[in-house]
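Worksheet: the structure to be examined is printed underneath.
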Amino acid sequence: MDIPFFQEFLMVSNPITIGILILFVAMLGFVYYLQRRQTAFGNLVIIGTLLGAVLGFVVQFIAQFPDDPMKVVYIKESTKWFSLIGGGFIDLIRMLVIPLVFISIIHVILHMERGADLKKLVSSTAFVALVMVAIAAVVGLVLGSVTHLGEGIAAGGAPAKMREVKPVVDTLRALIPNNPISAMAETNVIAVVVFGVIIGGIARLIKQTGTDKLELVTKLFDELHLIISWVADFIIGLMPYGVLGLLATTLAQKGFQAIADMGLFIVLIYVGVVIMLIVQAVLLTIFGVSPIMYFRKARAPLFLAFTSRSSMGVLPLTVDTLTKRLGVNAATANTVGSFGTTAGMQGCAGVFPALCIVYIANVAGVPLDMTMYVMSVIVIALGSIGIAGVPGTATMAASVSLSGTGLGAFFSSISPVLAIDPIIDMGRTMLNVSGSMTNAIVVDKLMGTFDQEAFNDTSTIDRPVSNKTGGDTEVA
12 MDIPFFQEFL MVSNPITIGI LILFVAMLGF VYYLQRRQTA FGNLVIIGTL LGAVLGFVVQ
72 FIAQFPDDPM KVVYIKESTK WFSLIGGGFI DLIRMLVIPL VFISIIHVIL HMERGADLKK
132 LVSSTAFVAL VMVAIAAVVG LVLGSVTHLG EGIAAGGAPA KMREVKPVVD TLRALIPNNP
192 ISAMAETNVI AVVVFGVIIG GIARLIKQTG TDKLELVTKL FDELHLIISW VADFIIGLMP
252 YGVLGLLATT LAQKGFQAIA DMGLFIVLIY VGVVIMLIVQ AVLLTIFGVS PIMYFRKARA
312 PLFLAFTSRS SMGVLPLTVD TLTKRLGVNA ATANTVGSFG TTAGMQGCAG VFPALCIVYI
372 ANVAGVPLDM TMYVMSVIVI ALGSIGIAGV PGTATMAASV SLSGTGLGAF FSSISPVLAI
432 DPIIDMGRTM LNVSGSMTNA IVVDKLMGTF DQEAFNDTST IDRPVSNKTG GDTEVA
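First residue of the sequence shown? That's 12 in the numbering used here, and the numbers climb one at a time after it.
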């Protein structure tokens with residue numbers, strides 16, 4: 012149907028598009044049916060993920076696995092409709108991020124016990140995060156070096172534009188909000204956290220003087236926190252539908268040719284993810300926490316991270332899981348969770364830039380020695396500060412790392428890597444979120460506020476998200 016109304020407005024101009032959309036709606040209906048049958052939320056998320064993968068494969072199969080899927084009319088049209096569910100879900104989650112972070116930070120500070128050490132919490136958060144990023148960088152460098160990643164590959168494709176690299180001083184200054192409203196509008200989570208900590212900290216000091224002038228403020232933030240928690244519970248309950256649309260969109264749009272062209276890089280990213288998950292498990296074991304129980308309780312945010320490719324978008328579910336299932340103190344969960352969306356990202360700012368350094372060095376014929384490796388780890392760790400937790404911004408981590416190691420002039424050679432970014436970003440983001448959660452547990456252990464009994468409570472593995480509205484939504 013060569014009619015603009017169907018092609019450009021309705022985005023349904025091909026009979027195959029209609030068939031694909033019917034299948035999509037049927038899959039959504041099946042998930043809804045299982046939800047009404049009170050299927051555990053964690054299982055619903057897994058089913059939604061699998062259905063999304065199947066749908067993406069079916070679309071590619073119908074199109075006979077084209078080199079450029081987005082030039083196929085019915086792929087372009089159907090994925091646009093997929094994004095209504097997948098992208099719409101992420102938009103709802105992102106809508107919550109700033110109000111949730113700001114309200115939660117002030118709420119938990121106002122209710123912190125007298126004598127709680129806020130300075131220790133912040134310093135422990137930064138230290139643990141940077142150490143783990145350094146370990147992730149070492150893993151990436153080793154994997155890339157032993158497999159000779161990039162050797163024999165000629166740079167090709169359209170030149171990639173290098174992201175502007177800011178001096179570390181400017182980055183640190185940007186964390187201080189000279190305009191809190193602007194910081195909120197720009198989704199600068201760390202700046203919002205800083206502002207919230209200042210407001211909450213001063214309010215807490217006034218409250219500790221014994222005056223009752225802040226009772227109204229305390230009650231206000233109690234009510235606001237309750238409201239935003241209810242909204243978060245409702246939106247999180249939509250996750251099985253969201254992940255279905257998200258994964259179907261990614262696989263249908265990018266296709267499988269991209270996987271074949273950069274197979275080794277993709278494999279190494281996911282091997283690095285697995286190794287870092289093992290490192291996290293060992294770290295939890297050292298601190299007396301069962302890694303098996305952790306992964307059982309953390310599967311919902313990890314699945315959402317994998318399909319959404321947004322650390323920031325998963326933040327509400329991350330904090331919910333830490334506080335309600337993993338026994339982490341609310342102050343620690345909000346502080347470390349928020350920090351982890353913009354800094355100390357083990358996937359996007361650890362394993363990935365390390366592999367990029369090895370890849371670019373080998374493509375450009377630049378020798379890698381011990382000095383280069385040590386410098387790379389330092390640059391990657393420091394460069395992990397301020398990397399925004401949204402899809403695609405690992406490019407900034409690569410820019411910082413390549414510039415800091417003297418490889419910035421060869422950035423255009425990274426174009427083939429950027430072509431597969433959505434595919435590798437799924438694993439990177441899952442590692443980011445898992446790293447943030449394990450960091451929170453470790454920091455809470457160091458703070459002495461970790462609730463081991465709540466962590467070991469098996470009843471919260473498939474506990475309902477909320478009984479506030481009489482619904483039957485559950486979270487793993």
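Cβ coordinates follow ideal geometry from the N, Cα and C atoms, glycine included. Remember, it's a predicted structure, so these values are computed and weren't measured experimentally.
Check: Specify, as a first and last residue, the run of the alpha helix (DSSP H) that ARG105 falls within.; Outcome: 84–121
Check: Can you tell which of LEU32, ILE192, ILE368, ALA137 has the C-alpha that lies nearest to the C-alpha of MET356?; Outcome: ALA137
Check: Could you name each continuous alpha helix (DSSP H) segment of 4 residues or more that falls completely within the segment 213–271, going from the start of the chain to the end?; Outcome: 226–247, 250–265
Check: For ILE31, I'd like the list of residues in its chain whose CB is within less than 7 Å of its CB, leaving aside the five on either flank, ordered along the chain.; Outcome: VAL70, TYR85, SER89
Check: In the DSSP assignment, find the unbroken alpha helix (DSSP H) run with MET437 in it and report its ends.; Outcome: 432–458
Check: Report back the beta-carbon spacing between ASP380 and ALA243 to the nearest angstrom; my notes put them in contact at under 8 Å.; Outcome: The pair is not a contact, with the Cβ atoms about 49 Å apart (cut-off 8 Å).
Check: Is the segment 348–364 close to the segment 140–151, with three or more CB pairs under 8 Å?; Outcome: yes
Check: Should LEU154 and SER387 be called a contact, given that it needs their Cβ atoms to be closer than 8 Å?; Outcome: no
Check: Ends of the alpha helix (DSSP H) at VAL377?; Outcome: First-last for VAL377: undefined, no H or E at that position.
Check: With H, G and I counted as helix, E and B as strand and the rest as coil, what does DSSP make of VAL401?; Outcome: With a pLDDT of only 41 at VAL401, under 50, the local geometry of the prediction cannot be trusted, and the value read off the model is given with reservation. Note: VAL401 maps to coil in three-state DSSP.
Check: Taking all protein chains shown into account, decide if ASN190 is buried (16 or more other Cβ within 10 angstroms of its Cβ) or exposed.; Outcome: exposed
Check: Please list the terminal residues of the continuous alpha helix (DSSP H) segment that includes GLU464.; Outcome: 463–467
Check: Find out if the Cβ-Cβ distance for the pair SER94, GLY253 is shorter than 8 Å.; Outcome: no
Check: Considering only C-alpha positions, which residue in the set SER301, LEU61, ARG215 is nearest to HIS118?; Outcome: ARG215
Check: Under a three-way DSSP split, which group does SER321 fall into?; Outcome: coil
Check: Could you work out which residue in VAL228, GLY59, ALA365 is closest to PHE276 when comparing CA atoms only?; Outcome: ALA365
Check: Who are the near neighbours of LYS131 in its chain, counting only those whose CB is closer than 7 Å to its CB and skipping five residues on each side?; Outcome: MET458
Check: What's the C-alpha gap between ILE368 and LEU288?; Outcome: 22 Å
Check: Do ALA51 and ILE391 have their beta-carbon atoms positioned less than 8 Å apart in this structure?; Outcome: no
Check: Taking the Cβ atom as the reference point for each residue, do ILE247 and PRO110 lie within a distance shorter than 8 Å?; Outcome: no
Check: Tell me which same chain residues have a C-beta within less than 6 Å of the C-beta of VAL284, skipping the five on either side of it?; Outcome: GLY438, LEU442
Check: At a cut of 8 Å, does the segment 315–324 reach the segment 291–305 through at least three beta carbon pairs?; Outcome: no
Check: Out of ASP79, LYS87, SER395, state which residue places its alpha-carbon closest to the alpha-carbon of ILE431.; Outcome: ASP79
Check: Output the boundary residues of the alpha helix (DSSP H) element that contains PRO77.; Outcome: Neither: PRO77 is in no alpha helix (DSSP H) and is coded neither H nor E.
Check: Measure the CB-CB distance between VAL205 and VAL112 and report whether it falls below 8 Å.; Outcome: no
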